[in-house]
Structure formats: C-alpha cells, structure tokens
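Under full-length UniProt numbering, the sequence shown has 99 at position 99, and the numbering climbs by one with no breaks.
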Amino acid sequence: MLTDIIANHIEVIFCGINPGLKSSNDGFHFSGRSNRFWKVLHQSGFTPYEIEAVNDISLLDFGYGLTTAVERATSRADELSKEEFEEALKSFTSKIIKYQPKYVAFLGKAAYKAFSKKKEILWGEQPENFCGAKVWVLPNTSGLNRGFTLDSLVTYYKEFYHTVNES
Numbered sequence: 001m002l003t004d005i006i007a008n009h010i011e012v013i014f015c016g017i018n019p020g021l022k023s024s025n026d027g028f029h030f031s032g033r034s035n036r037f038w039k040v041l042h043q044s045g046f047t048p049y050e051i052e053a054v055n056d057i058s059l060l061d062f063g064y065g066l067t068t069a070v071e072r073a074t075s076r077a078d079e080l081s082k083e084e085f086e087e088a089l090k091s092f093t094s095k096i097i098k099y100q101p102k103y104v105a106f107l108g109k110a111a112y113k114a115f116s117k118k119k120e121i122l123w124g125e126q127p128e129n130f131c132g133a134k135v136w137v138l139p140n141t142s143g144l145n146r147g148f149t150l151d152s153l154v155t156y157y158k159e160f161y162h163t164v165n166e167s
C-alpha cells in the first residue's frame with residue numbers, strides 16, 4: 001500500500017487510479033520505469049526539475065500532493081472492479097474534505113467516472129466540484145496508456161498548470 005503525500009490546503013492533489021505493483025512494492029508513487037508522471041509534471045511546469053520517485057514526498061514542497069482512488073495495487077487499472085471504486089468513495093471523500101485541496105486532478109477517467117456516476121467525461125476541467133475542490137481529469141501517465149504521447153500528455157498537463165497558476 002502506498003502512503004498518501006498530502007497536507008492541508010495544498011494547491012493540487014493528483015489522484016492516480018490505484019498503485020501499480022512496482023510502486024506498491026517500492027513504496028514510492030509512480031516508480032515504474034515506463035510511467036511518465038514525473039517527466040510530465042516537470043515538462044508541464046509543475047516542478048522546476050524532474051523529481052525521482054524515491055523523492056516523491058518532495059512534491060509537497062511545491063504545494064502538490066499524491067493519492068490514489070483505490071488502494072489495492074494491480075498490474076493494470078482495469079483489474080479493479082466497480083465495487084472496489086464504490087467502496088473507495090467514502091474514504092476518498094473524507095480525505096478531500098479533511099485536507100481541502102484547491103484542485104483534485106484525476107489521472108485517467110476511470111476513478112472520476114466511478115465517483116461521479118457519469119457515463120461520459122471529457123478531458124480537462126469538470127463543471128462540478130468534488131467536496132469543494134475544483135476537478136480536472138487528465139490522461140493517465142502510465143506506460144500502458146499508449147493513446148497519449150509524451151508531448152500530448154505535457155500539453156494537457158500544461159493547460160492545467162496554467163489554470164492553477166491563474167487562479
């Protein structure tokens with residue numbers, strides 16, 4: 001199980017779907033070699049340098065945090081059941097209420113679809129808040145997500161970065 005990296009009133013909590021097996025075993029978020037999260041975060045402007053997964057807690061220094069929608073580690077997010085998302089909603093909601101981030105950025109559509117009960121979700125800013133936080137849905141940076149190149153991921157994350165820094 002991965003430990004949340006979170007603090008009160010952070011600017012953004014990035015919410016992965018669930019931990020990958022390598023991240024869970026290592027104890028660091030996005031530690032899989034093929035995951036592009038740290039590279040995308042840096043290239044989109046969120047961090048002045050590329051953080052190494054072993055230093056994931058340093059993300060707090062920039063006003064950002066990390067969590068997962070579902071705690072159970074899997075090799076692929078599509079191994080999670082609808083029931084696991086339903087069971088995770090209460091603790092996730094409690095976490096957002098307790099820490100009050102300004103934004104929740106869901107990495108991939110799966111968790112937000114399950115939590116919001118919406119059938120269709122577009123990438124980017126969502127029209128409704130989640131427990132008082134503004135919601136963005138960003139493409140997942142997993143190496144298994146072949147639908148997005150590094151450049152396209154950076155474009156989406158950069159748009160979010162500009163929104164965060166304009167507010």
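Where is the CB? At the ideal position from N, CA and C, for every residue including glycine.
Since we're looking at a predicted model, the values are computed, not measured.
Buried or exposed (CB count within 10 angstroms, at least 16 for buried), residue i
i           : result
Y64         : buried
T3          : exposed
H29         : buried
G108        : buried
T149        : exposed
D151        : exposed
D61         : exposed
A7          : exposed
G147        : exposed
G16         : buried
P127        : exposed
residue 171 : The structure shown does not extend to residue 171, since the chain is modelled only from 1 through 167, so no value can be given for it.
L80         : buried
L122        : exposed
Residue i: first and last residue of the uninterrupted alpha helix (DSSP H) it sits in
i    : result
L153 : 150-166
T47  : Neither: T47 is in no alpha helix (DSSP H) and is coded neither H nor E.
I96  : 82-99
K22  : 21-26
Strand pairing of residue i, partner residues [DSSP]
i    : result
L107 : L138
V54  : For V54, which the question treats as bridged, DSSP gives no partner whatsoever.
T3   : Beta-bridge pairing links T3 to no other residue.
V12  : Y64, Y103
F130 : A133
G124 : V137
8 angstroms contact criterion, which residue i and residue j should meet: CB distance rounded
i    : j   : result
A110 : A77 : 6 angstroms
Boundaries of the beta strand (DSSP E) in which residue i is found, first to last residue
i   : result
L66 : 64-68
Short Cβ contact (8 angstroms threshold) for residue i with residue j
i    : j    : result
S44  : S31  : no
V135 : F92  : no
T141 : N25  : no
V70  : F85  : yes
V40  : Y112 : no
I96  : D56  : no
E166 : K102 : no
T74  : L21  : yes
K90  : A114 : no
Heavy atom of the ligand GDP within 7 angstroms of residue i beta-carbon
i   : result
S81 : Inclusion of the ligand GDP in the displayed structure is not the case, the ligand content being empty and no account of it being possible.
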